Amino acid sequence: AREALTVEVAAAAAAAAAAAAAAASVAATAAASSATAALTGRPGPDEAQPRERQVLRFEDPATGSEVVLIGCMHFNPCSVEKSARVTRELAEQGRLGALV
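Encoded structure:
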């Protein structure tokens, strides 16, 4: 049991570090997207849709692809529902390219 707990704690720490890195990347990309939108006159993904808690939408500057990050907590029913709903909506709209 102790070994399992150690593995879970290590996995949680790795997930937290990955989330922090992703958040920093999202912030930088969102700033770039807003600047691009200001220059081009086209709304970026964040400006084109109303904001939703725990859902970050931005454009990958290298590819121009829309990226959607969903903040979630493992085993949380609300997080599971939100992730499933957003994924389902993107699939129904033909906008789901990959799911990680």
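Residue numbering for the sequence shown is 2 to 101, as defined by our numbering. Even glycine gets a Cβ: it sits at the ideal position worked out from N, Cα and C. As the structure is a computational prediction, the values presented were derived from the model and not from experiment.
With the cut-off set at 8 Å, would you say L91 and L70 are in Cβ contact?
Walking along the sequence shown from the start, residue 91 turns up at place 90. Walking along the sequence shown from the start, residue 70 turns up at place 69. Cβ distance not < 8 Å, so L91 and L70 don't count as in contact.
Could you check how far apart the C-beta atoms of S80 and M74 are, in whole angstroms? I think they sit under 8 Å.
Residue numbering aside, residue 80 sits at position 79 when the sequence shown is read from its first letter. Residue numbering aside, residue 74 sits at position 73 when the sequence shown is read from its first letter. Rounded to whole angstroms, the Cβ separation of S80 and M74 is 5 Å, and the two are in contact under 8 Å.
Taking the beta strand (DSSP E) that I58 belongs to, which residues open and close that run?
Taking the sequence shown and counting its residues from 1, one reaches residue 58 at position 57. According to the sequence displayed, residue 58 carries Arg and not Ile. Per DSSP, the continuous beta strand (DSSP E) segment holding R58 begins and ends at 56 to 60.
Alpha carbon of Q55 to alpha carbon of V87, nearest angstrom
Along the sequence shown, read from residue 1 onward, the residue named residue 55 stands at position 54. Along the sequence shown, read from residue 1 onward, the residue named residue 87 stands at position 86. If you take the alpha carbons of Q55 and V87, they lie about 11 Å apart.
Identify whether L91 lies in helix, strand or coil by the three-state DSSP scheme.
Numbered from its first residue, the sequence shown carries residue 91 at position 90. L91: helix per DSSP, three-state reduction.
V101 - DSSP class collapsed to helix/strand/coil
Working through the sequence shown from its first residue, we reach residue 101 at position 100. Of the three classes helix, strand and coil, the one that applies to V101 here is coil, per DSSP.
Which residues DSSP lists as bridging V69, in chain order:
Position 68 of the sequence shown, counted from the first residue, corresponds to residue 69. Paired residue(s): R58.
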